[in-house]
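> My questions will all concern the structure given below.
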Amino acid sequence: MKQEKSNDLYRKALNYFPGGVNSPVRAFRSVGGTPIFIEKGEGCYLTDADGNTYIDFCCSWGPLILGHNHPRVRESIIDSLSNGTSFGAPTAKENELAELILQHNPYIEKIRFVSSGTEAVMSAVRLARGYTGRPIIVKFEGCYHGHVDSLLVKAGSGLSTFGISSSAGIPESVASDTMVLPLNDKRALEVAISDFAHDIAAIIIEPVPANNGLLLQEKSFLEFLRKITADNNIMLIFDEVISGFRLGFTGAAGYYGIQPDIITYGKIIGGGLPVGAYGASAEIMSKIAPDGDVYQAGTLSGNPVAMSAGIAQLRECLNDVLYYELERKTIRFCEKLNGFAEDKSYDFRVFSIASIFWFAFTDKEKIRSSEEIDPESMRHFKKLHKILLENGVYLGPSGYEVGFISAAHTEEVLESAAEKICNALDQVFSELPEGISKV
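Per our numbering, the sequence shown runs over residues -15 to 423.
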């Protein structure tokens, strides 16, 4: 495939940006080679600077549930731009999007718009601490909550373990107020709460952990979290930056029928534009300034362009047929790939929920925690990614990242993609040492 223009753009970008990119995963360090530079997205396709076209399973990391450049979303953005870009003042569009969300989502009563998922999580954590008057936040290994200082931490040693920064620039004093526990480990959480219940403000979790593989949890574990937090007056935060409006209009909270105390959302509520949100009961949200003493603000919070795009996209999402069709297509796509791998005795599985899927080079039937992912398997994903890219299929450039199916992915496109993936798997496994098909 041609890549001269992308390579040239990347060489120039190295002069301007750290690693030549504005977000680390885009640098292709996990999969090798140089990143492709995208010129256009249309429906389920991306076109790069060299004119190569790809079936896109990244979908801007999930928010483009309708596909790229959806006509109603595009028209809403154009209409909004004709009136200006940002005013730093309230607009009717904020009310309209909030009403659309709140009328159809019984899990929150009030909402606050921000400009990213990271900002939503940061604000939710501050709200939990302000509401409870407690300092400690509990998170789980393998769950990602944006580049918030207090949550960009990894586990230390011991069962009840306080966090160690996983990035330079985060003081130990910040990380020390975060406790990191193994995912799907009830005993570890029971011990932590027994020891620190009166200091824990909240437990935060991706109810569908999808940033370090797709670590699908049993509903019983999420129900356990709800009960143990309620019993100890600890807040439960669902980080639904990925799962919100993907598993259905009410996200994972509705999918599992579990009421968290605070929910965060990402760019899907803005049609893929820079936006995020957090919501909770009216009582909890009354702590947010100017009503309460938990301060949070943002010049572009609720900006009219993102609000307009969000209104257009979420109106489309109110159609239950949309979610039914997304899940049906995803199941069929994944079943085809899993059936192929099983017939060939390949150690390869596709895990999925709703319209989210993940490729794993494993023989495990379930993967519940990041510790169950074999780092060596990423060598095989690296080969798979390269072959698929050369054959017009674009996956996120990391084996730990999930993929997404949009409304724009037709049956024919998915059949074509599945055939290409099966052929690529044959090539990957044929090149393994000793010619075996085991990871």
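Virtual Cβ for every residue (Gly too), placed ideally from N, Cα, C.
A quick note: this is a predicted structure, and the numbers were derived from the prediction, not measured.
To test your reading of the DSSP string, which unbroken beta strand (DSSP E) runs of 3 or more residues are found completely within the segment 298 to 347?
You should have 333 to 337 and 340 to 344.
> Based on the DSSP output, what are the partners of D40 in its beta bridges?
Y378, per the DSSP bridge assignment.
> Give the C-beta separation of I247 and Y29 to the nearest angstrom, bearing in mind that I take them to be a contact with Cβ-Cβ under 8 Å.
About 32 Å separates the two Cβ atoms, so there is no contact after all.
> Can you tell me whether F97 is helix, strand or coil according to DSSP?
Here F97 sits in strand by DSSP.
> Given this structure, state the Cα-to-Cα distance separating G51 from C43, to the nearest angstrom.
Using only the alpha carbons, I get a separation of about 7 Å.
> Within the continuous beta strand (DSSP E) that includes E122, where are the two ends?
Here residue 122 turns out to be Val, not Glu, going by the sequence shown. Taken as a continuous stretch (DSSP letters only), the beta strand (DSSP E) holding V122 covers I120 to F124.
> Please classify I62 as buried or exposed, where buried requires at least 16 neighbouring CB atoms within 10 angstroms.
Result: exposed.
> So if DSSP puts H52 in a beta bridge, which residue, or which two residues, is it bridged to?
G27.
> Pop quiz: G260 and S64 are said to be a contact at Cβ under 8 Å. What is the actual Cβ separation, rounded to whole angstroms?
G260 to S64, Cβ: 18 Å. No contact.
> Just mark T69 as buried or exposed, buried being the case when its beta carbon has 16 or more other beta carbons within 10 Å.
Exposed, by the Cβ-count rule.
> Measuring only the C-alpha atoms, how far is D32 from N216?
When rounded, the distance between both Cα atoms is 52 Å.
> From this set, D183, Y239 and K24, which residue's C-alpha is nearest E202's C-alpha?
The shortest Cα separation from E202 among D183, Y239 and K24 belongs to Y239.
> So, at 7 Å on beta carbons, what are the nonlocal neighbours of S151 in its own chain, with the 5 sequence-adjacent residues on each side left out?
Hits under 7 Å: L136.
> Among I120, S329, G46 and E156, whose alpha-carbon lies nearest the alpha-carbon of D437?
For the chain, the structure presents residues -15 to 423; residue 437 sits outside this window and is missing.
> Please report how far the alpha carbon of I39 lies from the alpha carbon of K77, in whole angstroms.
If I take the Cα positions, the gap works out to 33 Å.
> With DSSP as the reference, identify every bridge partner of A290, one or two as the case may be.
For A290, which the question treats as bridged, DSSP gives no partner whatsoever.
> For S345 and G126, what's the separation of their Cα atoms in angstroms?
It should be noted that the sequence gives Phe, not Ser, for residue 345. Whole-angstrom Cα-Cα distance: 18 Å.
> Would you list the one or two residues that DSSP bridges to A181?
In the DSSP output, where bridge partners are listed per residue, A181 has none listed.
> Are A264 and K94 closer than 8 Å when you measure CB to CB?
Taking 8 Å as the Cβ cut-off, A264 and K94 qualify as a contacting pair.
> Could you name the residues that DSSP lists as bridge partners for T116?
Partner(s): none; T116 has no beta bridge.
> Comparing C-alpha positions only, which one of T213, E174 and H182 sits nearest to D245?
That would be T213, whose Cα lies nearest to the Cα of D245.
> Suppose you measure from the CA of K348 to the CA of L167; what does that come to, to the nearest Å?
The alpha-carbon atoms of K348 and L167 are separated by roughly 17 Å.
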